[in-house]
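Enquirer: Sending over a structure as structure tokens; questions will come in a sec.
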Amino acid sequence: MPALAEPELTRSDMPESDPTETETETDLWETHAGWWQDGFTAGADPEYEEQILPLAAHYLTGAERVLDIGCGEGQVARLAVEVGARLVVGVDPTRAQIAEALTRGGGPLYARSGADGLPFPDGCFDTVVACLVFEHINEVDRAIAEVSRVLRPGGRFLFFLNHPLLQTPNSGWIDDQILDPPEQYWRIGPYLIEELSIEEVEKDVFIPFIHRPLSRYVNALADNGLLITQMHEPAPPTGFLAQAAEYEAASTIPRLLLLVTRKEAGQA
Ligand SMILES: C[S@@+](CC[C@H](N)C(=O)[O-])C[C@H]1O[C@@H](n2cnc3c(N)ncnc32)[C@H](O)[C@@H]1O
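Quick look at the structure:
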């Protein structure tokens with residue numbers, strides 16, 4: 041059997057598509073991109089340094105053609121280049137993120153695009169990664185269908201999420217000293233309700249988050265021929281616990297979920 045020709049994608053093809061998410065949510069990311077860039081990239085965040093980037097490096101090693109959806113300032117895309125990918129493309133609807141990604145360089149190509157209308161041909165990547173992005177995407181079904189469309193059969197989707205079961209809105213550690221004897225436990229907020237909230241993540245910084253039950257994601261993956269092959273729920277890393285003493289008691293509660301999925305061979 042002759043090998044199938046790979047769909048061509050070169051630097052000069054890089055498109056500028058019009059993101060279709062509502063303006064308000066993209067505007068909030070536009071206004072507050074600096075909060076992400078300063079606090080969570082370039083070594084600033086222990087969860088990225090000790091956990092997310094090492095996990096991503098593990099699964100990106102050996103990938104050749106990588107798409108990073110919601111790439112932000114590009115830390116995961118640059119990592120894909122560092123571990124040897126031949127072609128790495130990052131997309132994000134936020135101009136301020138793409139501008140910073142271009143400034144930081146490091147080898148990936150970038151285009152401005154939302155996840156729900158990817159400006160690439162079918163089957164053109166062997167790996168797609170989305171790192172802490174789907175919590176910000178309204179059109180989850182269209183976005184997952186797009187992931188599947190641009191992946192070649194047998195390709196991998198690395199799907200990093202804030203743990204949807206254990207990090208619901210209003211979840212947190214409860215130390216109830218009124219009960220006799222006192223009780224300590226992790227409270228889970230309203231889990232089954234799919235809801236957008238605008239959270240003040242620090243003073244005057246507002247970011248849109250959409251909570252969804254885990255089954256919503258798993259079923260959308262299955263409907264698009266993306267089958268889970270590995271699942272990671274790591275304990276919070278030591279560098280995070282050192283900065284968040286209040287979390288020590290809840291250190292058996294994961295903050296991160298990584299689903300590693302493979303596109304079924306028969307899937308178009
Ligand atoms: C929490 S940041 C993560 C950035 C990057 N993946 C990383 O791990 O450093 C979330 C990113 O999602 C992007 N985003 C928001 N809405 C999006 C959408 N509809 N499609 C793709 N990305 C989106 C934001 O602009 C932001 O850069």
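Quick note, my numbering runs 40 ahead of the 1-based positions in the sequence shown.
All C-beta atoms in this analysis are idealised placements derived from N, C-alpha and C, irrespective of residue type, glycine included.
Find out if the Cβ-Cβ distance for the pair Asn202, Glu175 is shorter than 7 Å.
Expert: Closer than 7 Å, so yes.
Enquirer: Is the segment 119-138 touching the segment 212-222 in the sense that three or more CB pairs, one from each, lie closer than 8 Å?
Expert: Too few Cβ pairs lie closer than 8 Å, so no.
Enquirer: Assuming Trp76 and Gly112 are in contact, meaning their beta carbons sit under 8 Å apart, how far apart are those beta carbons, in whole angstroms?
Expert: Sure, about 6 Å apart at Cβ, within 8 Å.
Enquirer: Going by CA-CA distance only, name the one from Ser255, Val123, Glu186 and Leu206 that's closest to Ala155.
Expert: Residue Glu186 is the option with its Cα nearest to Ala155.
Enquirer: Do you know offhand how far Asp132's Cα is from Pro222's?
Expert: Taking the straight line joining both Cα atoms gives about 47 Å.
Enquirer: Taking 6 Å as the limit between beta carbons, can you name the residues of its chain near Phe160, skipping five residues before and five after?
Expert: Contacts found: Val190.
Enquirer: What is the DSSP secondary structure of Ala170, counted as helix, strand or coil?
Expert: The answer is strand: DSSP assigns Ala170 an E or B state.
Enquirer: Any heavy atom of ligand 1 closer than 6 Å to the beta-carbon of Gly110?
Expert: Flag set: Cβ of Gly110 near ligand 1.
Enquirer: Using a Cβ distance threshold of 8 Å, determine whether the segment 193-201 contacts the segment 89-101, with at least three qualifying pairs required.
Expert: Verdict: yes, contact present.
Enquirer: DSSP state of Pro202, grouped into three classes?
Expert: With the sequence shown as reference, residue 202 is identified as Asn, and Pro is not the correct amino acid for it. Asn202 falls in the strand class under three-state DSSP.
Enquirer: Taking just the CA atoms, how far does Glu239 sit from Glu63?
Expert: Residue placement at Glu63 is flagged as unreliable, the pLDDT there being 49, under the threshold of 50; the coordinate-derived value follows with that caveat. When rounded, the distance between both Cα atoms is 17 Å.
Enquirer: Which residues does DSSP list as the beta-bridge partners of Met235?
Expert: Inspection of the sequence shows that residue 235 is occupied by Glu rather than by Met. Glu235 is bridged to His251.
Enquirer: May I ask you to check if the CB of Thr134 is nearer than 6 Å to at least one heavy atom of ligand 1?
Expert: Because some heavy atom of ligand 1 lies under 6 Å away, the Cβ of Thr134 counts as near it: yes.
Enquirer: Throw me the rounded Cβ distance for the Ser188 and Gly265 pair, which I believe falls under 8 Å.
Expert: With 8 Å as the limit, Ser188 and Gly265 qualify as a contact, their Cβ atoms being about 6 Å apart.
Enquirer: So, is Gly194 buried or exposed, given that buried needs 16 or more other C-beta atoms within 10 angstroms?
Expert: Exposed, since its Cβ has fewer than 16 Cβ neighbours within 10 Å.
Enquirer: Using 7 Å as the threshold, is the C-beta distance between Phe165 and Leu93 below it?
Expert: Not in contact: Phe165 and Leu93 (Cβ atoms no closer than 7 Å).
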